[in-house]
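Numbering (UniProt numbering), first residue to last: 1 to 556. Yeah, the Cβ is synthetic: ideal placement off N, Cα and C, and Gly gets one too. Model, not experiment: these values are computed from the prediction.
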């Protein structure tokens, strides 16, 4: 608008200028002279035979010959220009049009369209659905496009303020008066919060006096606490303290922070407050934290309909200096009756709010499947660090793993291998079932090979090298195992000189000096003596006593 206003301040005179005199006009303002052309004279740039070749897949001649011999048995309804595929040949066609690099593990619609260009059979779409449903590559590497699994499971409503709490930490904050961490303590009934600045993440022994000073001293001993599985909260010291004073501990499912939603939401609110008032250097948040607590506890909660201050104390603190006229002090019984009435209203409001939140949340969720003990499921790798160069291209699911038990409608315990050192209880949204049908190809990890009385596992590739504590180690990918089972092994325990040489040829600057001389074969490693990944659990003395034997195997 500024440019337009500026141009309107001038007086314009429009005059005609012939094209021969308009020498400054650029080529874009000149239109080429049109000419007539004959459609019959057009010739395609790409030869027709090349176009035909690019839209078909080179199917082996024996397969075509077998299909030609059965065309007379095709059922009614077969399109005239397509080949009928009998049941005995369908899996080969499905493999060709789905599993190959030229096919790309596409979805149901695209795979059906590709097959339908040449072939046909009555149950084509259903067979493609069944085949893709049990494809292990698709199960590992594709994220589901449906709504998250698992309906909302609200926590029980407390009976009074500060009987049931939620706790969490806000970490990695800029230094402010030596503090870098905030401990968030939330009352799940009134939504009142205390925010404690700390210099660092406390140990369990340090957390106990902080909890006593900021909760027990003011509000008494609570009945229950919900938290994540941080080292402070799952330590024996913290569990022992809570057990002795009668506090029931509840932990969120692994990598499912929604379980501790009250504390997570409080963290977001206090972070928003600090962002609004923090200095350019971001070093004054410790000074702002008391005011953030005052503001958040004075604001009306959407869940309760009252401010946390009013729910706990029966009055709202003044936001501005106020003068009051003389008034009589109400009787204590009247005050307690009013407070009890407020608590009853708050509890009903919480129940109503919880029901509304569940309805809204379930609109974007799906009913969770019910897994039985012994079922095998895929586990999302979203929160698990795999030994891969980039998680962008890493498998989206690992496993499958057996279900050990069902804790509640949305939480399951899985039988994880020893080297995955995380809590084995997961929310159902991180799981998906291992499907089986007639196209299922069972993937059984190969057993170890006995070499001179000792077990060795076959190495598929050497992926990386490093020096750890003065010892050269290789990142080993095992035949028949997934990325989650890759292991860092000492170089002396990897008996695969051919693969080691191939690694150094591809990565000449990797740690380890000059590559190992080529040896015919040699693709085994004595490690791990148990399934890949479990070797880290062995005592150090087992490594020292083991005799190193170089084995060579012929090429296969």
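- In the DSSP assignment, residue 198 falls outside any alpha helix (DSSP H) and lies within the beta strand (DSSP E) extending over 193 to 198.
- In the three-state DSSP reduction, residue 159 falls in the coil class, being neither helix nor strand.
- Just so you know, the alpha carbons of residue 380 and residue 136 end up roughly 14 Å apart.
- Excluding sequence positions up to five before and after residue 407, its CB lies within less than 7 Å of the CB of 413, 425, all in the same chain and listed in chain order.
- Counting only the Cα atoms, residue 468 lies some 38 Å from residue 411.
- Classified as buried, residue 193 has 16 or more neighbouring CB atoms from the shown chains inside 10 Å of its CB.
- Inter-segment contact for the segment 237 to 252 and the segment 269 to 277 is absent: fewer than three beta-carbon pairs are separated by less than 8 Å.
- Setting aside the 5 residues that flank it on each side, residue 282 is surrounded in the same chain by 174, each with a C-beta closer than 7 Å to its C-beta; the list follows chain order.
- Distance from the CA of residue 198 to the CA of residue 183, rounded to the nearest whole angstrom, comes to 7 Å.
- Here the alpha carbons of residue 162 and residue 221 stand approximately 8 Å from one another.
- The residue among 209, 210, 158 with its C-alpha nearest the C-alpha of residue 224 is 158.
- Taken in chain order, the complete beta strand (DSSP E) segments of 3 residues or longer contained in the segment 195 to 232 are 224 to 227.
- Secondary structure in the segment 375 to 427: the beta strand (DSSP E) runs of 3 residues or longer, each lying completely within the stretch, are 376 to 380, 397 to 408, 411 to 414, 425 to 427 in chain order.
- In the DSSP assignment, residue 473 falls within the unbroken beta strand (DSSP E) covering 471 to 478.
- Taking one beta carbon from each stretch, the segment 382 to 398 and the segment 475 to 495 have 3 or more pairs nearer than 8 Å; the two touch.
- Sequence-distant partners of residue 278 (beyond 5 residues in either direction) whose C-beta falls short of 8 Å from its own C-beta, in its chain, are 284, 285, 288.
- Shown here, residue 14 sits in coil according to DSSP, grouped into three states, outside any helix or strand.
- Between residue 213 and residue 196, the alpha-carbon positions lie close to 11 Å from each other.
- With respect to the C-alpha of residue 238, the residue from 264, 430, 210 having the closest C-alpha is 210.
- Here the alpha carbons of residue 145 and residue 292 stand approximately 39 Å from one another.
- Going by DSSP, residue 130 is part of the alpha helix (DSSP H) stretching over 124 to 133.
- Taken atom to atom, the span from the alpha-carbon of residue 491 to that of residue 266 is near 49 Å.
- Rounded to the nearest whole angstrom, the C-alpha separation of residue 376 and residue 299 is 48 Å.
- With contacts defined as CB atoms closer than 8 Å, residue 124 and residue 92 fail to qualify as a contacting pair.
- Counting only the Cα atoms, residue 505 lies some 13 Å from residue 465.
- If you check the CB distance, residue 488 and residue 460 do not come in under 8 Å.
- As a beta-bridge residue in DSSP terms, residue 251 pairs with 227.
- Per DSSP, the continuous beta strand (DSSP E) segment holding residue 166 begins and ends at 164 to 170.
- In the structure shown, residue 467 falls within a strand segment according to DSSP collapsed to helix, strand and coil.
- DSSP places residue 189 outside both helix and strand once states are collapsed to three, so it counts as coil.
- Each of 83, 130, 78, 70 was checked against the Cα of residue 95, and the nearest Cα belongs to 130.
- Between residue 118 and residue 421, the alpha-carbon positions lie close to 50 Å from each other.
- For residue 121, no beta strand (DSSP E) encloses it, and the DSSP letter there is neither H nor E.
- When C-alpha distances from residue 402 are compared across 371, 430, 419, the shortest belongs to 371.
- Leaving aside the five residues that flank residue 439 on each side, the residues in its chain whose CB is nearer than 7 Å to its CB run, in chain order, 91, 130, 131, 134.
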